[in-house]
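What follows is a set of notes on a single structure, which appears directly below.
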Ligand SMILES: Cc1ncc(C[n+]2csc(CCOP(=O)(O)OP(=O)(O)O)c2C)c(N)n1
Ligand SMILES: Cc1ncc(C[n+]2csc(CCOP(=O)(O)OP(=O)(O)O)c2C)c(N)n1
Ligand code: SF4
Ligand code: SF4
Ligand code: SF4
Ligand code: SF4
Ligand code: SF4
Ligand code: SF4
Ligand SMILES: [Mg+2]
Ligand SMILES: [Mg+2]
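Residue numbers (my numbering), protein chains in the order written: chain A, 29 to 214; chain B, 29 to 214; chain C, 5 to 78; chain D, 5 to 78; chain E, 375 to 732; chain F, 375 to 732; chain G, 5 to 260; chain H, 5 to 260.
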């Protein structure tokens with residue numbers, strides 16, 4: 029059972045260097061302009077690059093109870109470790125958007141949810157910039173879920189990337205977003 | 029009502045420099061060889077010479093409850109401050125042995141206890157050694173109350189004065205004890 | 005002819021480039037290859053100049069470098 | 005003839021003898037007198053030699069010493 | 375500062391925003407995870423606001439610098455996390471002795487020892503039972519959301535100044551590291567007395583000196599009776615709780631801080647199953663909501679205490695309920711992983727509610 | 375050390391005698407009144423006994439040196455008084471994290487702050503409720519006589535080593551500064567396990583290193599369940615109380631430490647008036663004698679709690695009795711003088727007993 | 005002698021709160037240091053601008069002895085931290101002075117004083133070196149001489165197991181934020197005057213925002229140094245100053 | 005090339021616990037320091053006699069990285085106190101070494117390290133100077149350079165309000181109990197070798213009961229010094245060593 033009404037919840041996971049936290053930050057920032065309540069909570073599973081990092085983002089016009097969830101409606105995962113974890117936690121009817129470049133055999137098993145594989149590593153490699161995989165994933169995710177609007181998300185990208193001191197790389201990141209979005213559109 | 033049986037309780041008070049703590053130490057030490065239970069507790073009312081100092085000594089073959097007493101059977105006081113205090117705390121039928129050199133008008137009032145004035149300051153002056161007033165008082169006190177024996181007390185004096193590094197003054201202290209004892213005998 | 009060989013344990017390397025910097029003979033270079041954790045590790049490029057000094061080994065913070073010496077023939 | 009006078013506030017004195025020690029002219033001495041707290045306080049003994057230097061005043065830890073100067077006649 | 379600004383920020387940043395809104399001008403603190411955003415916030419923002427940021431050499435120093443600034447009448451703050459809060463115990467005790475309105479933020483990590491940087495609620499006893507030696511209680515406020523970080527730090531200043539009493543904002547890593555949409559504005563709780571007790575050089579005080587003495591002569595005859603009165607007044611007037619779905623509840627869940635939000639999530643799910651569960655969340659941990667818990671306790675069939683620790687508040691709840699009959703507890707042992715990075719998620723709470731309902 | 379020697383000494387010296395009798399070889403401590411006789415004792419006696427006396431630079435350092443020595447498997451000790459005990463909180467929390475059997479003596483003075491050097495029992499909450507952050511309880515032993523100082527410090531070593539748990543001897547200035555006739559001897563409480571957990575260089579340990587880590591990864595999944603079990607075992611087996619004239623008592627006086635002796639004096643006087651008063655004295659403050667108090671509480675008409683503080687144990691007693699109905703309290707406010715040098719004498723206790731009897 | 009014909013040449017310091025006699029032991033130099041400090045305050049006319057922060061030790065109640073002195077008794081060793089907080093609030097035109105014993109500042113409070121210097125606080129510290137912990141009954145301090153008998157060194161401080169006396173004025177001088185470091189004494193009129201001058205420098209430095217000033221003062225402590233009170237001045241000269249040389253250790257321009 | 009015809013000339017340090025890769029950031033010199041320390045242990049054959057006490061900081065888990073090293077992670081700043089307790093128990097033939105960050109030893113732990121030196125403890129301290137608090141995300145440390153930007157000095161350390169970098173090796177050298185004080189680096193083969201020699205001296209001093217040895221080592225910390233990892237060696241040379249000169253600061257005979 030997924031959430032009622034306008035509530036949207038998503039968990040994003042990957043290894044430290046993959047920029048998953050940024051995905052969460054952008055989604056939360058985008059939601060901030062439209063929703064009354066927004067919460068995001070990052071979890072770092074270790075200090076080192078390579079250790080898993082997760083971020084939960086929830087937005088709603090109703091009050092949000094917990095910022096951490098045992099089960100969630102949507103998940104984004106960049107690598108196998110968090111894929112396995114999220115598969116166990118996804119709500120029936122929920123969506124998992126995953127990096128099909130590295131999560132090859134999406135063992136969908138008995139899980140009652142929808143899987144969307146996006147080969148973001150390969151797509152990033154095409155752009156000759158492995159670090160863009162996260163924004164490609166973001167574009168695909170928005171397209172698949174239809175949550176928020178492209179403009180909102182792109183505005184939020186501007187805000188977050190600038191505040192992270194990556195303002196100079198904004199253009200290529202927006203291109204990456206588009207690449208992901210059009211891949212998802214098919 | 030004073031204590032039953034073989035229990036003896038005494039509070040000794042004066043100003044810091046007057047050696048009252050030593051009186052208490054000697055009495056407790058003397059009692060240690062004869063009584064199963066002995067307790068002594070000193071109270072310093074300030075760090076400075078001139079501030080009051082008290083010591084309570086109790087010995088008994090029965091268990092001793094508190095080392096501090098609201099009321100006591102016997103009191104020794106070297107100066108007016110503690111005299112007033114002890115008068116208020118003495119048990120009916122108790123004994124107050126006081127320094128009559130400086131506590132001139134022993135306002136015995138309605139108190140139901142016995143007063144014994146010993147001019148220890150003057151007696152010490154006679155010996156040309158003001159610091160001996162405490163041992164003169166001790167001699168008088170033992171004589172008046174008949175508690176312990178002279179030998180026990182003198183042995184204890186040896187022990188305590190030696191441990192306080194005043195072993196070289198032992199002889200004159202014993203003489204002071206004798207002076208107090210004979211004064212009390214009359 | 006190279007007298008020495010340098011081996012980088014790729015999985016341990018964090019791509020810091022210290023070995024590259026401290027090599028007095030510019031024998032190492034970071035190129036395109038990266039390991040599972042995403043670090044670009046160095047590759048020996050100029051081994052003929054290698055003196056076997058061991059700087060790359062001793063100053064690698066991640067214990068990733070081994071320097072070998074070829075035994076003289078015979 | 006003494007030009008200076010030293011006054012010891014007996015009640016404040018702790019009989020430390022510092023004034024006695026530091027007086028360059030040996031004007032002060034601790035004798036038989038003691039105060040209520042039992043401290044033997046110093047007494048001026050040799051005031052003709054007093055130079056009014058003030059050491060006894062400044063170095064008394066208990067603010068017990070006053071040094072006076074006699075006004076010249078007329 | 376009285377206009378309202380909607381922003382998105384972390385609970386730690388919200389502490390900073392709230393303190394600035396309350397007129398705080400001095401920050402003294404030492405780095406420690408998971409509260410490092412707080413000193414960073416003040417380092418970035420206080421100088422602009424005409425205030426002073428001082429990085430201290432330790433938490434002992436933090437509390438002592440705070441004492442110096444607060445004794446001089448300033449609104450000031452320090453923040454730390456659990457090990458640092460332990461180090462402040464002597465200083466807090468000293469601040470109570472001279473009744474200084476110190477505001478201290480503790481963004482808890484897991485104890486004991488250097489513990490776990492993830493999160494935890496293991497400082498409940500230390501925060502509520504005794505400000506170091508002496509047995510003086512602190513006022514302890516527990517935020518469960520980012521907005522509340524912002525609001526309660528302002529309330530902390532108000533209560534501290536109103537009662538001349540040390541006040542602790544007892545946050546945790548989940549609250550501190552979450553970012554949420556909040557409204558920033560200065561909250562008005564009412565008038566406060568002048569700080570005419572503050573230390574000034576005598577030349578600034580009509581030539582009267584002001585002396586604060588943490589030492590002798592300590593007059594218990596005056597001190598503890600005065601404290602008793604003050605503490606009773608606080609217990610009477612300053613208890614704050616949040617109730618959620620308690621009106622018809624059969625099961626009362628008691629939880630505080632971030633764990634209360636987690637519990638609320640579980641309760642919301644339980645309600646979907648038709649289970650009448652409700653939440654009672656102490657906002658003031660001291661004064662402890664004795665009346666509220668005892669009254670609600672009489673109405674419900676069972677009480678479930680949830681804390682991200684080994685069971686600390688449960689002791690106080692048991693005392694108020696007058697026994698353990700209705701009471702059960704789940705805590706840190708139900709985290710999702712045994713390691714220091716595990717968290718207490720809604721699922722085990724929901725499970726326990728279901729067990730109680732069946 | 376197994377022969378018995380009768381001596382007259384202070385409670386503070388008796389701590390020293392007891393520790394030597396228990397085989398303690400290391401003292402680490404910082405001066406503070408009213409426990410200065412303890413470091414002086416060890417400075418004089420440890421070197422003669424082949425041990426080591428180290429004067430530390432602070433109480434923080436005292437507890438950390440103790441940690442170092444105890445981690446290496448030694449029997450060691452530190453002693454302090456209230457403000458110093460506050461400073462040890464982080465260290466104690468760290469010692470709990472790695473389960474070190476540290477023995478710490480706190481000869482209480484009055485808090486809060488620098489407080490009063492006379493005496494006090496104001497550290498009850500801090501000692502019993504939480505060893506710093508983390509909420510771990512210490513075993514807390516409360517001597518009320520000089521003999522008991524000597525005995526309980528030995529028991530402290532036994533319990534600490536048996537359970538690998540920090541143990542506090544919570545004395546006070548009256549007990550510490552009184553001198554009484556006592557018997558010095560080594561007490562035998564039974565066998566103890568080998569300290570095979572102690573740190574040794576690997577060369578001294580069959581080339582196996584031993585590592586103690588107060589930091590990550592802290593495994594709560596293992597730690598708190600293990601602690602719960604340990605704590606429950608201690609609560610089950612190690613409670614100690616003294617009962618005095620309780621068999622036929624109508625009025626139960628609960629008091630601890632030196633105040634228990636003062637209360638006993640008052641009770642003895644009350645008995646002379648025909649009032650059936652009795653004393654229940656917790657010797658272990660943690661584990662708290664819940665069963666003993668609850669059972670005795672059912673038999674008596676009223677319960678009078680007496681502590682030389684503002685009322686700290688009374689909170690726990692109320693919890694055990696299930697309410698305040700029978701319970702009254704007198705404390706530090708009844709000292710004979712308002713200043714820091716006042717004491718709680720038998721008279722006001724007797725007066726209160728009489729009031730309860732009438 | 006004619007009473008009317010004399011005038012006061014040296015009066016007891018009028019700043020001294022005569023109704024509260026100092027609690028110091030007979031012959032303690034702390035009273036002299038108090039006098040010297042008050043003279044420095046008078047010379048700079050700064051009493052009304054000053055807050056005195058004491059540590060825990062025999063000097064802790066000194067603000068009570070100075071008429072019109074505001075102050076705060078900090079917890080043991082924490083004076084420089086309290087003073088930092090207070091000074092940052094009161095601002096550069098107000099004086100915040102810490103007075104700390106050797107135990108207070110160099111044992112438990114070492115981190116606070118070193119780091120106040122490291123932060124370049126504009127503070128002035130009066131460090132009272134009596135080579136022991138006076139208040140608690142004469143235990144070893146970090147300043148205790150090798151061989152010196154104290155309550156915790158009954159056989160004398162053994163350097164092999166208990167170390168060497170710390171030279172605080174030299175240690176503080178290592179800190180760039182310390183612009184003035186001085187060691188004085190009050191055992192003679194000459195040393196009294198020099199120490200007063202050092203105190204004046206310390207006060208002026210703070211008001212000029214120049215940096216941290218540290219003034220160590222050697223003090224007799226007769227009961228714990230086991231000397232006769234009257235021998236204090238000589239003891240300071242012959243025993244203490246031999247280990248701890250008197251004079252200016254550092255006096256530099258503002259380092260930034 | 006013939007595989008069989010080569011021999012290992014420089015192998016990764018065999019004492020390194022290869023199954024636990026160091027958690028240090030890319031380019032952190034702590035790994036090099038670890039290597040240097042292990043070489044010193046090997047050269048003196050002392051691993052089996054040693055207990056390593058770390059503070060809280062990026063070096064805290066180092067005992068886990070050394071095969072066969074016993075150790076204890078002390079609370080933040082308290083290493084020298086824990087080490088004192090441990091050394092007093094283990095005795096003179098065992099080595100107790102503390103490894104502490106600059107924040108650990110010169111901020112919160114200043115009292116402990118100074119007083120361990122004051123007591124003449126026979127300890128060896130390795131002080132890691134990376135000019136910031138690495139673990140907590142790069143805040144100012146007492147060692148931070150004037151002008152250096154950190155998480156708590158966003159505009160750069162302002163000396164007027166935040167003071168000057170502390171020179172620990174020089175401060176420690178002021179203590180009589182410190183017989184050896186050295187500042188090294190591991191940014192070049194030459195400095196690595198010198199630092200190893202200093203570590204060996206520190207180890208030998210302790211086993212000889214000579215006194216306290218203090219070895220400061222400058223370290224690059226790329227993320228917080230805001231440099232590229234590969235630039236670390238140059239940064240140490242050109243920026244750090246300019247403020248903190250390399251070399252021997254003190255090396256004396258046993259003072260008693
Ligand atoms: C935390 C703490 N530990 C210990 C004490 C006890 N104490 C009071 S004063 C003092 C030391 C005094 O020595 P010093 O600073 O040299 O001052 P002095 O008395 O010699 O002037 C100590 C240890 C205390 N008050 N607080
Ligand atoms: C009492 C306490 N305060 C604060 C912290 C947080 N903390 C952990 S490491 C650290 C400082 C690290 O800096 P440094 O010692 O320089 O080591 P580095 O990480 O730079 O190697 C701090 C403040 C702590 N663990 N304990
Ligand atoms: S051994 Fe020396 S010369 Fe050869 S690659 Fe390594 S650093 Fe370069
Ligand atoms: S020094 Fe080591 S970690 Fe760094 S790039 Fe070279 S091999 Fe990799
Ligand atoms: S003024 Fe000088 S010379 Fe005169 S008595 Fe005093 S110290 Fe001696
Ligand atoms: S210096 Fe002062 S206190 Fe000492 S003896 Fe002279 S007058 Fe008395
Ligand atoms: S103990 Fe020493 S410092 Fe303290 S007042 Fe007495 S003489 Fe002065
Ligand atoms: S933060 Fe700095 S010191 Fe810590 S591991 Fe990273 S580079 Fe090394
Ligand atoms: Mg001193
Ligand atoms: Mg560092």
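A virtual CB, placed ideally from N, CA and C, is assigned to each residue, including glycine. Nothing here was measured: the structure is a model prediction, and the numbers come from that model.
| Check | Outcome |
| --- | --- |
| Alpha-carbon to alpha-carbon, residue 37 of chain G and residue 12 of chain D | 20 Å |
| Cross-chain neighbours of residue 434 of chain F in chain H, by beta carbon under 8 Å | 82, 85, 115 and 116 |
| Residue 633 of chain F in three-state terms, based on DSSP | helix |
| Residue 138 of chain H beta carbon near ligand 8 (any heavy atom closer than 7 Å) | yes |
| CB contact below 8 Å: residue 384 of chain F versus chain H | no |
| DSSP-derived helix/strand/coil call for residue 100 of chain B | strand |
| Under the three-state DSSP convention, the category residue 650 of chain F falls into | coil |
| 8 Å Cβ cut-off: residues of chain F touching residue 97 of chain B | 639, 719 and 720 |
| Within 7 Å of chain C by C-beta, residues of the stretch 35-50 of chain A in sequence order | 45 |
| Heavy atom of ligand 9 within 7 Å of residue 132 of chain G beta-carbon | yes |
| Residue nearest to residue 33 of chain H in terms of C-alpha spacing, selected from H:225, H:248, H:239 and H:160 | H:225 |
| Nearest-angstrom Cβ-Cβ length linking residue 168 of chain A and residue 208 of chain A, presumed shorter than 8 Å | 4 Å |
| Contact list for residue 60 of chain H against chain E, beta-carbon separation under 7 Å | 488 |
| heavy atom of ligand 4 below 7 Å from residue 62 of chain C C-beta | no |
| 6 Å CB neighbourhood of residue 67 of chain G in its chain, flanking five on each side removed | 56, 73 and 75 |
| Contact with chain F by residue 5 of chain H, beta-carbon distance below 8 Å | For residue 5 of chain H, the predicted model reports a pLDDT of 47, less than 50, meaning its position is unreliable; a value from the coordinates is still stated below. Cβ-Cβ to chain F under 8 Å: no for residue 5 of chain H. |
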